Amino acid sequence: MKRQVVGFWVAGAVAVMVSGGCASKEVVKSDEQLKPTVSAAQTAAAKPAAQQVTKPDSAKDKQIIPAGNQQATKNATSSASSAKTSGTESLKATLEKIYFDFDSTNLSEKSRTSLTKNAELLKKNPTAKITIEGNCDERGSEEYNLALGEKRAKAAAKYLTTLGVAEDRVATISYGKEKPADAGHDEAAWAKNRRDEFVLQ
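Okay, so the sequence shown: first residue is 1 according to this note's numbering, each after it adds one.
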């Protein structure tokens with residue numbers, strides 16, 4: 001009986017040792033091995049938004065104008081420039097001259113009609129500025145004709161301002177008898193030379 005108890009106790013001790021030995025054979029993983037595996041996508045998602053660097057997509061972030069559109073832009077710019085030049089040339093060609101009687105600065109009815117047309121054209125072209133050139137025929141002294149030409153130009157300028165054209169858009173100058181429109185020496189030529197011309201600045 002005593003032997004059986006001792007045998008039972010020895011068997012139990014062996015069993016505990018065996019189980020302890022098995023437990024000691026368990027592989028203990030290091031801290032590095034215990035770290036969970038994280039994918040690159042998870043790492044990127046875990047980064048704060050400020051730290052995530054995204055390379056710009058040149059096709060999206062850069063404004064790319066197709067060659068066809070670039071040509072269209074050039075054509076539009078060219079057309080606008082041509083239209084402006086065409087408008088200027090049209091205005092220059094449309095402004096009417098006015099004429100005066102001998103030794104006079106009075107505006108005739110016909111001159112007033114022409115000035116009214118000129119005023120309307122200038123109102124339609126608000127950026128245009130003009131110089132009114134006063135001229136005379138060859139009779140009289142140079143000094144007298146310069147003064148007379150200035151009076152004729154100023155008479156036209158004053159009338160334009162009464163029709164609504166701003167004063168700062170109108171300048172005057174006198175050429176006296178220096179720039180005849182007709183080089184003749186008769187009344188027909190002189191009538192053409194007693195005039196105001198309207199020149200775009």
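Glycine included, C-beta positions come from ideal geometry on N, C-alpha and C.
Keep in mind that this is a model prediction, so the values were computed, not measured.
Problem - Beta-carbon proximity list for K129, same chain, < 6 Å, skipping 5 on both sides - result: Residue numbering aside, residue 129 sits at position 129 when the sequence shown is read from its first letter. By the criterion of a C-beta distance shorter than 6 Å, K129 is surrounded in its chain by R169, Q201, once the five residues flanking it on both sides are discounted.
Handout entry: Nearest-angstrom Cβ-Cβ length linking E205 and N118, presumed shorter than 8 Å
Key = Any answer about residue 205 is impossible in this case: the structure gives the chain only from 1 up to 201.
Practice task
Could you pull out every residue in the same chain whose Cβ sits closer than 6 Å to the Cβ of E178, ignoring the five residues on either side in sequence?
Solution key: Numbered from its first residue, the sequence shown carries residue 178 at position 178. Cβ neighbours of E178 beyond the five flanking positions: none.
Practice task
With DSSP as the reference, please indicate the residues paired to D137 in a beta bridge.
Solution key: Along the sequence shown, read from residue 1 onward, the residue named residue 137 stands at position 137. Per DSSP, none; premise fails for D137.
Exercise for the section: Measure the CB-CB distance between T116 and L163 and report whether it falls below 8 Å. Expected result: As a first step, residue 116 must be located in the sequence shown, where it is residue number 116. As a first step, residue 163 must be located in the sequence shown, where it is residue number 163. A contact, by the Cβ cut-off of 8 Å.
Problem - Continuous alpha helix (DSSP H) stretch holding S111: start and end - result: Looking up residue 111 in the sequence shown gives position 111. That run of the alpha helix (DSSP H) goes 109 to 124.
Exercise for the section: Report the three-state DSSP secondary structure of L34 (helix, strand or coil). Expected result: Here residue 34 refers to the residue found at position 34 when the sequence shown is read from its first residue. For L34, the pLDDT reaches just 47, beneath the cut-off of 50, and the residue's location in the model is therefore unreliable, although a value from the coordinates is still provided. Here DSSP, grouped into helix, strand and coil, assigns L34 to helix.
Exercise for the section: In the DSSP assignment, find the unbroken beta strand (DSSP E) run with A181 in it and report its ends. Expected result: Numbered from 1 along the sequence shown, position 181 holds the residue referred to as residue 181. Annotation for A181: no beta strand (DSSP E) segment contains it, and DSSP assigns it neither H nor E.
Practice task
Give the straight-line distance between the Cα atoms of W190 and A166, rounded to the nearest whole angstrom.
Solution key: Residue mapping note: residue 190 aligns to position 190 of the sequence shown, counting from 1. Residue mapping note: residue 166 aligns to position 166 of the sequence shown, counting from 1. In a straight line, the C-alpha of W190 is about 32 Å away from that of A166.
Exercise for the section: Drop a sphere of 10 angstroms on the beta-carbon of T172, count the other beta-carbons inside from all chains shown, and report buried for 16 or more, exposed for fewer. Expected result: Counting from 1 along the sequence shown, the entry for residue 172 is found at position 172. In summary, T172 is buried, with 16 or more beta-carbon neighbours lying within 10 Å of its beta-carbon over all protein chains present.
Practice task
Would you identify the three-state DSSP class for R234, choosing helix, strand or coil?
Solution key: Residue 234 lies beyond the range of the chain shown here (1 to 201); nothing can be said about it.
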